[in-house]
Structure formats: structure tokens, C-alpha cells
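Q: Take a look at the following structure, please.
Protein chains in written order, with the working numbering: chain S, 31 to 395; chain W, 31 to 395.
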């Protein structure tokens, strides 16, 4: 396939511009003798709603104003301005950081006060909302845990590696998804689909059985709930490269929700776009798979049952397969892990289960 | 440096041979009209002792016999024989698996009974003890979470990648340590030391600041307690390649113990060799660093305090810096994370702290 237009530099410039505008706004307000303030969409629960058109949670129209004239707002306002400065430094110096480092940096020489990291994390989200950018755009990443493997050539954009191309089948243990992979350009690929699994063990199994060749697939390991950077990669492969995405998780309420968050995002990220893959398909382990494949199971715990009931109240679970499978989990009171297929031999999952499930959804693939 | 003699094939052959011998032993016993049995060192706590010569925990001389004539032993004996068969299949087919897959495989068509995975894990350890081999030799790996980065060229030995060489600076997010890296040959390196950190965020920081170049180091990220495969890599770099190893962990009892396990192993692995690096140095974050560097701290929890007292009862903590630092943690009642150095800016840890600490121990490096 042809090379796509480079996005990394464009995005960095746009982020830099947005941060500068925020600073300029505050300066202008002060110059005009005003107490500075910032407007942003409210993130309170009653302003978060599921949008069936966009197929993800979004923020409603209600706005809040952080006003330095208000004694209660001075603290978060100052924190926000500091965080914007910190973010700008990261963007300018082309460095990355973490939520935790941001918190400790604030406690440094500038003595910005935070009670705990949660307060700092929340201000970083405020900055995301104010600028309509993800914290990854500011270079603030979570600890990387997820991994990718498959025949896709990427081009790094991080300092010291600019323009360096690499193929993601180079390392049979997989490539970690950190700032470098996340900010890379996708150059070309022979893959025509994405297979997502929630566990490293299953990821290693798929690599070992050459599932990337058998299925012409890019393999992604989310390590539990997919970090945002991993979700943004799945989004790009789904949207920009038009690849169908198949998600395999443990057959329990937690696995179900891992799949759902990849498809439609989380309420926490209602202010962000570019993290969802609404056309992605959750195709296992279903409650009906537990029956059909006679899988070894464990009983649902009280905690599992409570979680299933919660999921039923979530509008995103009103459609099949979600609805039907959740009802079936509640009926059979059982759960099963992806590894449970090992009862039929280690390769069964690649030889039988995945082809059957993917084939049922996409007969021609 | 010159190429080392290949070890991977040799090891696989030795493991195959040991498994065959175990099978032959059982066959011979049956042929001679005996109820088959297996001897192994006892793993009960009173047979585990710290050996100051070997500088790790070892098993004592007490042996136990698993005898199929004993009704209570039939179950674990059968499980052990099945596990040996499963391990042999992995070795023959050059596949890898996980503890969890081994458990589910047992529950498959052969209907070997296990109450839970713990029982299966314990039998796998029995097999390790019986054969004096690590489960990684049988191809049974934990879920990979740790990572490596630095100028070292390795040669893969896993199927499909045999003879393929790669340099571990290829991917700026780091290379995951899974079965492939663990079983690779180390071909050549310009590095002359190893820096180990317990957290992905700090690992990413070190890569970004090019710590591998500044310190001529191979960087390793353990992701908390270092998995065995990561410990075996540290062992090889320390022992076979003569590299000093410097370990940086959070400044709390958990970080202290992560460092200690890398140095001298765990009681759980008292039956294994090749996983320790007794000459490795734990060089931070010390309690004295918290004072000297005026780090942001948190108070020790009751749980932290209890853990510190436990560590004081462990013979491995009788020497400095362990002894002195544990006493100081108890005295100051504070702990600090590696990220706490961000208070002095993101690069402080690479520009100041690491050079000072490494320099204090190895002035010429």
C-alpha cells in the first residue's frame, strides 16, 4: 500500500499551537485587567452521555468556568496553568513523561501543591478537555504493558529514530507499545485484519503458532484493559487502514468490558476522540462458546454477578452479541478463560476456534 | 567480543534427555514388577536454607519419595508423570506454554485431575526439583511483562527465527522479554554494565535520555518482581559476560526485596541455579537517598513496617547496604518512588542521580 501522509509532526504542531493559545488567552485577560479564567466542558456524570451516532460516550454541552476570581478556583486554575506549561515543555523538547512524573514534577521547585496523584491526574484531564487533546499528545503516557506483532512496517518519529523503519515481525516476543510505537507512522502492511487478545500468554501462543501469517493479521496484546495508546493504534488500523478488528477476551464480565471499551471507549474518555473502534467485533469467549466448546469453567463469583448486572444497565450492552451473551453468562453462572481451550491441545485455539469464530463473522476472510 | 558457544541447543538436548530418563526409570520399575516411584529433594520450609557460599537459598539434603504404592501419593505421582509427558511434548515440538495452559491441558482429554491451578503449579515445581531443571527449560514461561534495551546483538533460536540476529536498540519502546529473548544467544555488545529498574515508566525515561549510551549500559525493566526469565538474563550478563549490575528500585521494602531477589534468588526457587546475580549491587533508592536528595516522600504504612521487620529476620539482609538502609527506613518512617526525582526535572535522574550512585560504587565506570 502507498505511504500515508505523515501525521506525527502535524499533531505536535497542533498541540503546541493549542497550548500557546491557552497561554496567550491568560496573558490577554491579565493585560486587560481581568482575573484570568478558562472555560471547558463539564465532566460531571450528568454531562456524560452515550451517543449512538458517534458510537461512544461524549460530553454534553454544559460548560464550566475556572475563574481565578473565585477563591475556590484559584488552586485548580494555577494547577492547570502549571500543567499546561509542563505539557508545553514536553512537546517542545519532544520528551515523554508519565502521570506519576507529572505529579512529582509539580511538587518540585515550582511548588505547585497537590494533595495526591489523583488530583494531578484530574487536572491533566482538565487540560485534555480544555484543549480537546489527549494527554498522549502532550507526551504524557501510561506505563507500557501492551504489545504488538505482525507484518506491518512502521516509521519511528521519536528523536534519535526519525525516519527509521522497522517491521513488527522482527522480534518474536513482540514489540512493546510505548511512546515510540504510538507516535510512529504506519507505512505498509500485508495484514488485512487485527486480532486483539487481552493476555500476554495468549499473545505468545498466537505468535508461536504464526497466527499473523495464518490469518493475515496484526496481533495486539492489551494486557487487561487496553491502555489508551493501544486503543489509538487499534483505532488507526480500523479507521485509517480499514481493517476489521476481532477481539478475544476471557469469557467473564471483565473480558466483555475490555472488548466494549476497545469498541466504544470509556466514560472517563468521553472528551476524547480517536480512541474507539466501533466496528470492532467482540467474538469470544462467549457464554455460548463455553457450552458449544465444552470448556473447563469456574463458577461466577458474587462480584462477577454484580458486574454483569451493572453491564446490563449500560446502553452499549443493549445489542447482540453483548445482550444475549450477558444473559447467557447469568443463566449458566459460569466463566472461562481463553487458555481453557488448551484442554484440546495448545494449537486448538489457532487451528479451530479462531477460524470458526472469525469465519462465522467474515466468511471470506 | 567473540561469539560464545551456542547454549540453546545443548540445553534443549539435556532437558530432553532428563525427561526421557525419568520416563525410562518409571518403565523399568514397572517392568521389574515394582510400584513406580520418584525421588526428589524435599521442598518443605525446614529443608530450605540460605547458603552463604552459593549466595542464594538452596534445598537441604532431605529427600522425599513419591511412591505409587502409597494411596496418598498416587495422585501427585500421576500428575508428575503427566506433567513430564507434557513438558517432553513442548521440548520435542519446540513450543512454549504457560503455567495456566499446562493446568488447562491437564484438564483436557487425558483427564488428569487438579483441584486448582496452584496444585498444577506445585507439580511443575516438583518436576523442576526431580530433574534439576527450570520450567523455562521445559518451555513453560510466565506471562512476559519485562523488557530490555541496549546495544547488544542477540541471535534468536526459536523456530522460524533461527540464526536471525537483531540489535536490542532497534525499538525505542524496548523489546519484551519472552521465550524468544530468553532462549537467544548473546552475540556481541558494546555495553559494559547493566542497569535494572523495576518500573516501565523509569525504563522509558532511561531510553529517552539515552542512558544506554551515557552509561554504556544494557537497560532492563523488571515490571515489579523480576520474572525468572529476566533474572536468568541478568545472571548471564553478570556471570558469562562479566558485567557489573546496578539495580534501582523504589525506596520502600518492596523495592528492597525486588533487588535482593535479583541478587540472591527466592526461597521458592531454592532448587534452581542460574537465576541469581550475587555480585549485583542494589544502589537505590536508599533511605539515605531520601534524606540526601530531599525527595518527596510518603509515610510508611503499617504493612510496609511489618515487611521491613520481616526483612530484618532474613539472613540476606545482615550486610550493608541492606542492613543499614532498612534500619534507616524504619527510623525515618518514609518511603519514596524512583519517579520522585522528577521534582528536580525529568532528566535529573540520568544527569545526576545515576552517575553519582554508580560512580560511588565504581569510580572508573
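We treat Cβ as the ideally placed atom computed from N, Cα and C, and that holds for glycine.
1. Using a cut-off of 7 Å between C-beta atoms, extract the partners of residue 127 of chain S located in chain W.
2. Should residue 232 of chain W be flagged as near chain S, meaning a C-beta pair shorter than 7 Å?
3. How close, in whole Å, do the beta carbons of residue 224 of chain W and residue 177 of chain W come, if the pair is a contact with beta carbons under 8 Å?
4. Below 8 Å, how does it come out for the stretch 215-224 of chain W and the stretch 146-158 of chain W: are there three or more Cβ pairs, yes or no?
5. Which value, in whole angstroms, describes the spacing of the CA atoms of residue 34 of chain S and residue 198 of chain W?
6. Return the Cβ separation of residue 244 of chain S and residue 380 of chain S in integer angstroms, given the expectation that the two are a contact with Cβ distance under 8 Å.
7. Would you mind giving the Cβ-Cβ distance between residue 85 of chain S and residue 306 of chain S, rounded to the nearest angstrom? I have them listed as a contact below 8 Å.
8. According to DSSP, is residue 12 of chain S helix, strand or coil?
9. DSSP three-state label for residue 390 of chain W, please.
10. Nearest by alpha-carbon distance to residue 135 of chain S: which of W:369, W:382, W:386 is it?
11. Just the chain S side, please: which residues come within less than 8 Å of residue 280 of chain W by C-beta, in chain order?
12. Could you give the distance in angstroms between the alpha-carbon of residue 97 of chain W and the alpha-carbon of residue 66 of chain W?
13. Are at least three pairs of beta-carbons, each pair with one atom in the stretch 57-76 of chain W and one in the stretch 283-293 of chain W, less than 8 Å apart?
14. Identify the contact partners of residue 201 of chain W in chain S, using a Cβ-Cβ distance below 8 Å as the criterion.
15. Can you find a C-beta in chain S that's less than 7 Å from the C-beta of residue 188 of chain W?
16. Could you compute how far the alpha carbon of residue 386 of chain S sits from the alpha carbon of residue 321 of chain S?
17. Within 10 angstroms of the Cβ of residue 345 of chain S, are there 16 or more other Cβ atoms? Answer buried if so, exposed if not.
18. With a threshold of 7 Å between beta carbons, is residue 383 of chain W in contact with chain S?
19. For residue 325 of chain W, which residues in the same chain have their Cβ closer than 6 Å to its Cβ, ignoring the five residues on either side in sequence?
20. Nearest by alpha-carbon distance to residue 72 of chain S: which of S:256, S:236, S:60, S:88 is it?
21. For residue 56 of chain S and residue 297 of chain S, what's the separation of their Cα atoms in angstroms?
22. For the stretch 113-133 of chain W and the stretch 255-269 of chain W, state whether three or more C-beta atom pairs, one from each stretch, are separated by less than 8 Å.
23. Let's test the definition: count the other Cβ atoms within 10 Å of the Cβ of residue 203 of chain S and tell me whether it reaches 16, buried, or not, exposed.
24. Please name the residue or residues paired with residue 314 of chain S in a DSSP beta bridge.
25. The beta strand (DSSP E) spanning residue 69 of chain S covers which residue range?
26. Would you give the residue range spanned by the alpha helix (DSSP H) that residue 229 of chain W belongs to?
27. Can you tell me whether DSSP reads residue 162 of chain W as helix, strand or coil?
28. Mind reading off the beta-carbon distance from residue 215 of chain S to residue 38 of chain S? Whole number of angstroms is fine, and I expect it under 8 Å.
29. Pull up the CB-CB distance for residue 391 of chain S and residue 311 of chain S, whole angstroms please, since I reckon it's below 8 Å.
30. On a Cα-Cα basis, can you pick out the residue from W:226, W:270, W:333 that is closest to residue 304 of chain W?
31. Mind checking which residues open and close the beta strand (DSSP E) that includes residue 248 of chain W?
A: Here's the rundown:
1. 376
2. no
3. 13 Å between Cβ atoms; not a contact.
4. no
5. With a pLDDT of only 44 at residue 34 of chain S, under 50, the local geometry of the prediction cannot be trusted, and the value read off the model is given with reservation. Each residue's alpha carbon lies about 28 Å from the other.
6. 7 Å
7. 7 Å
8. A question about residue 12 of chain S goes unanswered here, because the residues of chain S that appear run from 31 up to 395.
9. helix
10. W:369
11. Residues of chain S passing the Cβ test: none, with the nearest at roughly 11 Å.
12. 6 Å
13. no
14. 196, 200, 201, 205, 206, 210, 211
15. yes
16. 15 Å
17. exposed
18. no
19. 366, 370
20. S:88
21. 30 Å
22. no
23. buried
24. S:278
25. 67-71
26. It is not in any alpha helix (DSSP H) - residue 229 of chain W carries neither H nor E in the DSSP assignment.
27. coil
28. 7 Å
29. 6 Å
30. W:270
31. 247-251
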